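Reviewing the structure listed below.
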């Protein structure tokens with residue numbers, strides 16, 4: 001909502017200056033977004049005198065004028081106007097000024113070989129008249145040379161953000177009322193209206209009784225023999241201050257009243273109405289051309305104003321061209337009606353129209369302002385355009401739900417934290433237009449018809465504290481006492497794992513929760529993608545079902561910028577179904593490039609699966625999972641390289657899936673145009689982590705160390721290549737859990753000297769006795785057990 | 001009796017002429033080995049007369065100690081020579097780069113969530129979460145924002161179905177509803193998370209982060225709200241004095257509602273928070289609307305309290321001088337490295353919120 005100070009002063013008598021008013025507006029909840037000085041572009045235009053004008057050397061129709069703008073030296077301007085002549089006072093626009101009509105910025109330019117510094121202006125160019133045949137001729141004297149042509153009527157305007165509950169402040173008077181209530185002056189009384197109307201409104205009006213009828217009241221007045229014209233300057237200035245374009249007196253008057261009182265109006269050319277006005281629901285397929293010059297095709301049940309043959313307008317939203325007023329209009333019908341907010345909103349949303357009237361009706365217009373609007377508009381029309389007005393016609397009636405609210409004095413204190421006297425309550429609420437009746441413990445309040453937002457006591461409390469000032473609310477220091485622990489175990493897990501992954505060298509990214517369906521499908525298990533009905537762009541059309549989708553796109557952007565050694569991760573939601581809660585928290589991490597690119601100290605090598613495996617396992621251990629419970633298998637997902645990826649699950653290969661890791665499928669790297677050899681990645685499924693429940697200190701066994709020497713022995717087997725190292729290690733570990741502390745693979749070999757389909761595998765086993773020193777014989781026995789176990793289970797042969 | 005002085009002189013002379021470690025080793029054996037000269041002298045002790053024994057043994061021990069000491073000294077000399085030799089040959093250029101290492105980073109949004117959580121943890125709030133996909137009811141209706149209410153225009157909503165029943169939450173306020181429905185008052189929670197609105201330009205991203213706060217108890221009034229937010233702003237920006245302005249506003253789910261501005265000024269091209277005569281809006285808040293409490297089966301006659309919502313990304317921008325909101329989500333490795341935080345920088349109360 002835009003208001004100017006002078007307009008505000010029409011309703012408010014106050015001594016306060018602009019600064020004070022701006023402060024107060026914000027203090028009472030009418031947030032000042034900014035203060036604009038409009039049209040300061042016009043300050044450049046000055047009165048000048050043509051000292052000498054002569055023919056342009058290279059053009060017959062152009063003149064070369066020496067202009068006095070009061071700066072001492074003369075300025076040369078090329079001008080095409082026939083009336084440019086010596087001694088003429090006119091308007092000069094210097095270079096850099098913007099011509100109001102064309103919005104063009106002037107530049108110093110050569111016109112037919114002669115430089116012109118600015119231009120002399122016609123009435124048309126300055127939006128002052130339609131005269132474009134010559135430059136403006138002013139009756140001025142020498143003293144006025146160099147002065148601004150446009151009076152500084154250009155006034156500061158205040159742009160206020162009006163919250164949706166305060167439709168009353170979509171009119172200047174509402175704003176004035178709030179300021180007056182806050183003690184910043186007095187609200188002026190509206191002058192009484194006395195007109196002697198002699199004849200009945202001749203056009204029949206009816207509101208059809210229908211379900212979902214959007215119109216409650218339709219008030220109208222007929223004015224005959226008007227002379228529509230350009231608005232007088234004061235009215236034009238007001239309209240311009242709103243940022244609107246003056247059109248004609250009649251249209252400007254309806255707009256003026258809308259912004260003055262939050263009372264939308266509409267004017268019809270009465271002669272274009274076919275017999276009568278019928279307000280009814282539209283039928284699907286009906287169409288009309290609106291005043292925004294667009295053609296709208298309507299659906300069923302939209303509130304339309306019609307005559308016997310056509311749709312004249314969308315009630316409360318926009319009028320139609322058919323019955324629009326023009327400068328030649330002789331007889332008009334003024335409409336002031338009440339439309340129901342929800343119907344307005346439904347229709348406007350459906351047709352995607354936004355107008356000032358619609359904006360007001362959907363927020364609520366004072367239902368009792370129908371008559372006042374008509375009378376005021378009528379007065380203004382008679383005043384400016386002349387004519388003779390009919391009596392008022394008001395069709396329809398609104399339910400009178402004059403509710404009164406009981407406000408308990410104590411409740412204010414209880415809610416706000418300080419107390420307020422009953423006389424203060426009375427004063428503030430009555431200044432806002434409420435009728436109040438004070439009792440002992442509470443006060444009865446009947447809110448005014450323009451404040452439909454005041455429905456219960458809490459609404460009144462808000463009014464009171466708003467007007468009294470939020471700065472009076474006491475400041476109560478917070479108590480430092482916890483009802484429960486800040487984070488639950490899941491949340492702690494989130495934080496630990498996030499920082500654990502980062503501490504491995506991964507850089508955290510945060511990407512959209514949505515992504516490109518094409519990319520997501522590469523990394524998705526879902527049967528059905530989760531589409532967004534109204535995505536901001538077609539490549540962000542689904543909720544992601546994998547962390548990889550956006551990470552790959554991020555990697556691509558960076559790689560294409562030549563940052564090819566990357567370690568990125570994200571922790572956040574992935575989505576499984578189109579339902580609240582069908583999401584889980586996943587860490588996705590990717591790694592690509594080289595471990596030590598072109599390094600003097602060691603041979604450069606690419607990151608490989610064992611780097612990423614290391615990363616994922618370390619994080620799993622750091623977040624508190626016992627490393628002995630991690631089961632690693634070669635189970636994998638379609639987006640990984642089938643031979644270079646694996647699953648980490650809890651306890652066994654069939655246990656809960658904790659993480660996948662490995663090389664991303666090479667064909668996806670190609671499809672995504674990542675331009676790198678390989679990308680490694682892992683996904684940790686935080687929701688699958690076991691709930692540790694116990695504190696680490698509670699879960700730990702007793703601290704027992706063996707006093708006896710540990711012994712390490714090496715073994716090497718030739719074994720069928722189908723056996724994984726993990727299987728061998730598990731096999732050996734399980735032979736004697738008490739004695740065997742660790743099994744470590746230190747060599748795997750395939751090639752020369754080893755038969756095809758076999759591999760050599762070497763590992764060492766650490767024996768750690770609990771209760772005695774191991775004798776050679778004990779070790780021999782244990783070793784034999786290991787050898788026979790491996791041989792019997794796998795058919796391996798001991799390598800010598 | 002042997003001439004110990006002469007023996008000593010002989011040995012020490014020989015020692016003097018030894019020039020390498022292995023000869024010294026050999027000599028040590030010649031003297032102290034099983035058949036070494038001094039060892040042989042010790043063997044004699046048993047055969048000596050009682051009266052001579054004592055004197056002989058004393059002298060011999062003296063000799064032994066002297067020789068041992070000298071040999072040890074010579075060994076040290078040789079060690080030193082060797083070390084010196086080694087040092088001479090082992091000079092490297094330490095200005096050469098070391099082995100590769102990788103410094104990970106925490107995203108500024110994550111860091112700020114941790115900072116904020118740490119602050120609210122101090123004054124008794126715990127963390128709740130809610131789903132990103134929401135029902136229309138939790139996101140709007142339960143929060144006193146009925147269908148066809150203009151307030152919904154302020155939330156450009158992403159929908160997942162055509163009946164507009166399922167959506168991406170436009171704010172973290174539905175977590176209030178879920179928390180209150182699932183449990184009994186009092187409530188003292190914060191809820192950080194992702195939120196979504198379908199507009200996108202320099203200052204708006206289709207996804208951003210909010211932090212919801214809710215405190216409901218028997219005697220919580222607007223003064224508590226003010227106190228809580230003053231505390232928060234002071235702690236977060238790590239300043240003692242802060243200019244804060246509460247101004248009336250409107251949200252359907254709180255009443256009275258307020259927006260909170262903090263004072264700032266621009267100094268040397270950088271924003272100084274907490275002083276100056278310009279205002280910057282940082283959060284919205286208010287007393288929870290009685291209708292909202294009724295919707296979640298909390299009796300508004302018995303319980304009341306406040307709620308607030310802060311833009312986390314905006315807090316991060318203000319505190320860490322980041323200009324472009326969109327850059328948060330573009331995953332440009334250069335940006336992430338520049339603005340990201342060391343994973344060891346866990347915001348805590350005792351160590352300070354930020355370094």
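Protein chains in written order, with my numbering: chain A, 1 to 800; chain B, 1 to 355.
A virtual CB, placed ideally from N, CA and C, is assigned to each residue, including glycine.
Values in this document were obtained by computation on a predicted structure and should not be read as measured data.
**Residues from the stretch 537 to 550 of chain A in contact with chain B, defined by Cβ distance under 9 Å** = 537, 540, 543, 550
**Message:** Below 7 Å on C-beta distance, what does residue 802 of chain A contact in chain B?
**Reply:** Any question about residue 802 of chain A goes unanswered here, given that chain A covers just 1 to 800.
**Asked** Should residue 180 of chain B be flagged as near chain A, meaning a C-beta pair shorter than 9 Å?
**Response** no
**Request:** Classify residue 90 of chain B as helix, strand or coil using the three-state DSSP reduction.
**Result:** coil
**Message:** What does the Cβ neighbour count give for residue 823 of chain A, buried or exposed, with the cut at 16 atoms within 10 Å?
**Reply:** As displayed, chain A neither begins before 1 nor continues past 800, which places residue 823 of chain A out of reach and without an answer.
**Asked** Which partner residues of residue 357 of chain B appear in the DSSP bridge assignment?
**Response** There is no way to answer for residue 357 of chain B, as the model of chain B reaches only from 1 to 355.
**Asked** Using the beta-carbon of each residue, which ones in chain B are nearer than 9 Å to residue 578 of chain A?
**Response** 133, 160, 161, 166
**Asked** What is the DSSP secondary structure of residue 255 of chain A, counted as helix, strand or coil?
**Response** helix
**Asked** Is it the case that the Cβ atoms of residue 125 of chain A and residue 140 of chain A are separated by a distance below 9 Å?
**Response** no
**Message:** With a threshold of 9 Å between beta-carbons, can residue 560 of chain A be considered close to chain B, or not?
**Reply:** no
**Item:** residue 241 of chain A - containing alpha helix (DSSP H), residue span
**Value:** 233 to 241
**Selection from A/410, A/218, A/85 that minimises the alpha carbon distance to residue 442 of chain A** = A/410
**Beta-carbon neighbours of residue 264 of chain A, restricted to chain B and to distances below 8 Å** = By Cβ distance, chain B contributes nothing, its closest Cβ being about 15 Å from residue 264 of chain A, past 8 Å.
**Message:** Only counting the same chain, and skipping five residues up and downstream in sequence, which positions put a Cβ closer than 6 Å to that of residue 241 of chain A?
**Reply:** 4, 157
**Prompt:** Using the beta-carbon of each residue, which ones in chain A are nearer than 8 Å to residue 117 of chain B?
**Reply:** 486, 487
**Prompt:** Do you know offhand how far residue 273 of chain B's Cα is from residue 229 of chain B's?
**Reply:** 15 Å
**Message:** Per the DSSP calculation, residue 54 of chain A is bridged to which residue(s)?
**Reply:** A/64
**Asked** Shortest alpha-carbon distance to residue 301 of chain B belongs to which of B/309, B/289, B/307?
**Response** B/289
**Asked** chain B partners of residue 592 of chain A, CB-CB under 7 Å?
**Response** None at all; the shortest Cβ gap to chain B is about 12 Å.
**Request:** Indicate the three-state DSSP secondary structure (helix, strand or coil) for residue 150 of chain B in the structure shown.
**Result:** helix
**Message:** Strictly below 9 Å CB to CB, what residues from chain A border residue 355 of chain B?
**Reply:** Those do not exist, as residue 355 of chain B stays about 15 Å from chain A at its closest Cβ, beyond 9 Å.
**Prompt:** What runs of the beta strand (DSSP E), each 3 residues or longer, lie entirely inside the stretch 527 to 601 of chain A?
**Reply:** 566 to 575, 583 to 592
**Where residue 180 of chain A falls: helix, strand or coil (DSSP)** = helix
**Request:** Would you mind telling me which residues of chain A sit closer than 7 Å to residue 100 of chain B, beta carbon to beta carbon, in chain order?
**Result:** 595, 596, 599
**Message:** Across the stretch 449 to 466 of chain A and the stretch 377 to 395 of chain A, are there enough close Cβ pairs to call them in contact, namely three or more that are closer than 8 Å?
**Reply:** no
**Asked** Exposed or buried, residue 195 of chain A, counting other C-beta atoms within 10 Å across all chains shown (16 or more means buried)?
**Response** exposed
**Message:** Distance cutoff 9 Å, beta carbons only. Does residue 619 of chain A sit that close to anything in chain B?
**Reply:** no
**Asked** Closer than 7 Å, Cβ to any Cβ of chain A: which residues of the stretch 212 to 239 of chain B, in chain order?
**Response** 221, 222, 223, 224, 226, 227, 228, 230, 231
**Prompt:** Listed from N- to C-terminal order along the chain, which residues in the stretch 325 to 336 of chain B have their beta-carbon within a distance smaller than 8 Å of any beta-carbon of chain A?
**Reply:** 328, 329, 330, 331, 332, 333, 334, 336
**Request:** Report the neighbours of residue 573 of chain A on chain B: residues whose CB is nearer than 7 Å to its CB, in chain order.
**Result:** 132
**Item:** Other residues of its chain near residue 630 of chain A: CB distance less than 6 Å, five sequence neighbours each side excluded
**Value:** 648
**Request:** Give a yes or no on whether the minimum CB-CB distance between residue 213 of chain A and chain B is below 9 Å.
**Result:** no
**Prompt:** Are residue 132 of chain B and residue 573 of chain A closer than 9 Å when you measure CB to CB?
**Reply:** yes
**Message:** Can you check which of these residues, A/769, A/672, A/712, A/655, is closest to residue 704 of chain A by C-alpha distance?
**Reply:** A/769
**Request:** Apply the 10 Å Cβ neighbour rule to residue 13 of chain A and answer buried if 16 or more other Cβ atoms are within range, or exposed otherwise.
**Result:** exposed
**Request:** In the DSSP assignment, find the alpha helix (DSSP H) that holds residue 792 of chain A and state where it starts and stops.
**Result:** 776 to 794
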